[in-house]
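Counting from 31, one number per residue, gives the positions in the sequence shown under the numbering used here.
Positions of the beta carbon are idealized from the N, C-alpha and C atoms, including for glycine.
Take a look at the structure set out below.
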Amino acid sequence: MSELSVESKASPIEGLGLFATHPFLVGQKIAPYIGPTTDKITTPKSSAPSPTYWLEIKPGLWLDGSSAQNPARHANHSCAPNAELVYDDTTHEAWLIAIRDIATGNEITFDYGFSIAEGLFHSCQCKDAACTGRIVAAPLRPALRRHLRFSRSRD
Ligand SMILES: [Zn+2]
31 MSELSVESKA
41 SPIEGLGLFA
51 THPFLVGQKI
61 APYIGPTTDK
71 ITTPKSSAPS
81 PTYWLEIKPG
91 LWLDGSSAQN
101 PARHANHSCA
111 PNAELVYDDT
121 THEAWLIAIR
131 DIATGNEITF
141 DYGFSIAEGL
151 FHSCQCKDAA
161 CTGRIVAAPL
171 RPALRRHLRF
181 SRSRD
């Protein structure tokens, strides 16, 4: 694939999103996710939500996908994503891969895999029936729901 099969445009989820300009089948590569990586980051504890998302692409390795060189940088998080971010240890490349068939024009989303601490500072507006309202990794969502149930003061 020499030409990108994605484009960035206004998203119903948030800001700009990444959209397919070409259909994808399950397992197909969608776009590379490019940016500097580091193993030195500490989990962000700042209360200021940042548009710069450091994503943990494998245990202990973080990637900053916010660079303009990253064609997939506008891909939004969803609680019911149609893609996943896969890091290849031999090529040292991260790619968005389709985990469902994606039709032309569909928004491409993946699970940012945030911790509960990070998720508390990043709200999710994916509108899926199972949305927790927070950007949190799928395996942590039951714990997040319990946390929100017992700490809900307003919203
Ligand atoms: Zn959601």
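Contact between the region 145–160 and the region 121–131 is absent: fewer than 3 CB-CB pairs across the two stretches fall below 8 angstroms.
Judged by the Cβ position, T139 fails to qualify as a neighbour of ligand 1 at the 7 angstroms threshold, every heavy atom of the ligand being at least this far.
For the pair P53 and T139, the CB atoms are not nearer than the 8 angstroms cut-off. Beyond the five residues adjoining it in sequence on each side, Y83 comes within less than 8 angstroms, by CB distance, of D94, G95, S96, Y142 in the same chain, given in chain order. Separation of V116 and F144 (C-alpha to C-alpha, rounded to the nearest whole angstrom) is 15 angstroms. Burial state of P172 is exposed, judged by a 10 Å Cβ sphere holding fewer than 16 other Cβ atoms.
In the DSSP assignment, F140 falls within the beta strand (DSSP E) that extends over 137–140.
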